[in-house]
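>
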Amino acid sequence: MSKPVPHWVWSRLVPAKMADCWLERLHFLGEGSLVLHRLAGRRSARLEAYLTHPSVGRLLLARFGGSLRRTSLPHNPSPEPNLPIRIGSKFWIVENAEAALPTGKPARAVLPFLTIPAGIAFGTGRHATTGMLLREMATLPDWRESRVLDIGTGSGILALAARRLGATRIWALDTDPSALEVARRNETANFSKATIRWVEADLTRWRARGRFHRIVANLYLLPLRQGASRLACWLAPGGVLLVSGLLRDQAPEIEARFLQEGLVLHGKKQRGKWAMLRFGSALHCHSTKAPLP
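Residue numbering for the sequence shown follows this note's numbering, beginning at 205 and increasing consecutively.
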């Protein structure tokens, strides 16, 4: 009979609609370490993480609140490794460099890759919202001459994808300084020279200098609603705005909000309960009536 292994259980209530966002955010713990309890008749769900080291639990407490308790389990399961993610015909996303080596699939040998280790900052490419944005980005041409803005960068995955696609002028915003530190490390791990401007700022307060040809925003409903006029004004003529982080039933409100700002809807996609919207630029900024340069 195996001896019980000490564990620590971190737990907190999360909105049921956002449960898989939390699973993505805590993906670095390993899928076998996370348990989600749906609560009948409630809008909340209880998320638990089973940990072998209390230091990780204390980190989760500091970052996300919740509670931490000690328990014992009969064994210590090892999480399954995650397979690389292919983004169109452009590149692979892997969790470590060894995973990018050819394993019988020639395409993996010739395509470049981004190494995004699973970590506490949101964004590994596995969540539906991030995946839809990445694949839509891969369809867009002319990244080399584009000014790019990534709002809510998290791990930096979208900004790094823009750089992998050829962009050289990239700004990436987040309100979380620890997420920005992770993003900087990810850039260093993937490129010999750091060129992305990582900015600790809020969408509704940041002062943009100039307009952008590509804007990607993986945000929740409220910041998209509040920041719609700014995003519309920041989009350069001929530019493309990609937004996600939305539930399907929230997408019509955000679509209408950006149409009020004069943007043009170029497409929408859905994956499960999540939605992504693609907009094109307007002739003028509706909030100020100022012509675009």
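Glycine is no exception: its CB is placed at the ideal position from the N, C-alpha and C atoms.
Just list the beta strand (DSSP E) runs in the stretch 327-375, keeping only unbroken ones of 3 residues or longer that don't cross its boundaries, in chain order.
Correct list: 351-355.
> Does the Cβ-Cβ distance between Trp212 and Thr275 come in under 9 Å?
The answer is yes: Cβ separation under 9 Å.
> The beta strand (DSSP E) spanning Phe483 covers which residue range?
That run of the beta strand (DSSP E) goes Trp478 to Gly484.
> From the DSSP secondary-structure annotation, give me the bridge partner or partners of Ile400.
None, per the DSSP bridge assignment.
> To which residues of the same chain is Phe416 closer than 7 Å at the C-beta, ignoring the five residues directly before and after it?
For Phe416, where only same-chain residues beyond five positions count, the Cβ hits under 7 Å are Arg351, Val352, Leu353, Trp438, Leu439, Ala440 and Gly443.
> With DSSP collapsed to three states, give me the class of Arg452.
DSSP places Arg452 in coil when its eight states are reduced to three.
> Would you grab the beta carbon distance between Leu251 and Trp226 for me? Rounded to a whole angstrom, and I think it's under 8 Å.
At roughly 5 Å, the Cβ-Cβ gap stays under 8 Å, so Leu251 and Trp226 are in contact.
> With distances taken from CA atoms, which of Ala342, Leu384 and Met222 is nearest Trp296?
Here the closest residue by C-alpha is Ala342.
> By how many angstroms is the C-alpha of Val386 removed from the C-alpha of Gly269?
So the two alpha carbons sit approximately 20 Å from each other.
> Whole angstroms are fine: how far does the CA of Ala332 sit from the CA of Leu476?
Looking at the sequence shown, residue 476 is not Leu but Gly. Taking the straight line joining both Cα atoms gives about 8 Å.
> Could you tell me the alpha carbon to alpha carbon distance between Trp375 and Met480, rounded to whole angstroms?
The alpha-carbon atoms of Trp375 and Met480 are separated by roughly 21 Å.
> Tell me where the beta strand (DSSP E) around Arg411 begins and ends.
Counting along the chain, Arg411 falls outside any beta strand (DSSP E), and DSSP gives it neither H nor E.
> Figure out for me which residue from Leu338, Trp410 and Asp380 has the closest Cα to the Cα of Val420.
Of the listed residues, the one whose Cα sits closest to Val420 is Leu338.
> Helix, strand or coil for Leu227, going by three-state DSSP, please let me know.
It is helical.
> Have a look at Ser396, Leu423, Gly414 and Asn394 and flag the residue whose alpha-carbon is nearest the alpha-carbon of Leu407.
Selected option, being the one with the closest Cα: Leu423.
> Taking buried to mean at least 16 other C-beta atoms within 10 Å of its own C-beta, is Ala383 buried or exposed?
Buried is the call here.
> Rounding to the nearest angstrom, what Cα-Cα distance links Gly466 and Ala223 in this structure?
Each residue's alpha carbon lies about 33 Å from the other.
> Can you tell me whether Arg482 is buried or exposed, with buried defined as 16 or more other CB within 10 angstroms of its CB?
Its Cβ being crowded by 16 or more others within 10 Å, Arg482 is buried.
> Would you tell me roughly how many angstroms separate the C-alpha atoms of Ser448 and Ser271, rounded to the nearest one?
Spanning the two alpha carbons is a distance of roughly 30 Å.
> How about Phe395 and Arg413: do their beta carbons lie closer than 9 Å?
The answer is no: Cβ separation not under 9 Å.
> Measure how close the beta-carbons of Leu238 and Ala220 come, nearest whole angstrom, since I'm counting them as under 8 Å.
About 15 Å; that fails the 8 Å criterion.
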